[in-house]
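Residue numbers for the sequence shown follow full-length UniProt numbering, so the first one is 1 and each next one is one higher.
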Amino acid sequence: MPLHSGLKEYALTSAFRDGRFPPIAQKEIPSLVCNVSLLIEFEQAENYLDWEVGEHGIWIEFRDSDGRKRTATYLPEVAKEQGWTKNKAMSSLLRKGGYRGTITQEILDNIILTRYQSRKSQATYKEYLEHLETLEA
1 MPLHSGLKEY ALTSAFRDGR FPPIAQKEIP SLVCNVSLLI EFEQAENYLD WEVGEHGIWI
61 EFRDSDGRKR TATYLPEVAK EQGWTKNKAM SSLLRKGGYR GTITQEILDN IILTRYQSRK
121 SQATYKEYLE HLETLEA
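Printed below as a string of structure tokens:
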């Protein structure tokens with residue numbers, strides 16, 4: 001996905017369409033800090049454990065109990081921040097992806113895992129406004 005359109009699409013999705021959180025209210029905008037993680041260096045993993053906590057983000061593909069393809073991802077910092085082992089992160093990621101059955105070794109062994117890294121950047125709303133002023137000058 002082109003970077004510019006991808007940033008726009010995912011910013012709007014995370015701000016207004018993420019069912020885990022209420023949409024951002026206009027009065028909250030001045031206090032926001034925007035963090036962007038640019039995902040890079042994608043690699044096909046050997047298996048569901050072929051990644052390092054705190055270094056790699058993980059994207060999984062799996063089949064649910066009805067045979068439907070599902071996917072889910074965690075950024076590199078998520079497992080470390082939560083204090084998760086690789087197995088705990090994988091269980092959580094399966095649930096995030098919509099898997100509701102018993103997590104068996106067979107389910108884990110059939111996961112297709114892609115690991116990646118990320119580069120982060122952030123800006124406050126004030127910094128954003130200052131940047132806009134430089135564009136207008």
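Heads up, the beta-carbon is just placed ideally off N, CA and C, and yes, glycines get one too.
Classified as buried, A89 has 16 or more neighbouring CB atoms from the shown chains inside 10 Å of its CB.
G57 and L38 do not touch by the CB rule: their CB atoms are close to 11 Å apart, not below 8 Å. DSSP assignment within the UniProt domain "AMMECR1" (1-132) yields the following whole beta strand (DSSP E) runs of 3 residues or more, N-terminal first: 33-44, 57-63, 69-74 and 112-124. A residue is called buried once 16 or more other Cβ atoms fall within 10 Å of its Cβ, and Y10, having fewer, is exposed. Cβ-Cβ separation between K86 and L49: approximately 5 Å, consistent with a contact (criterion under 8 Å).
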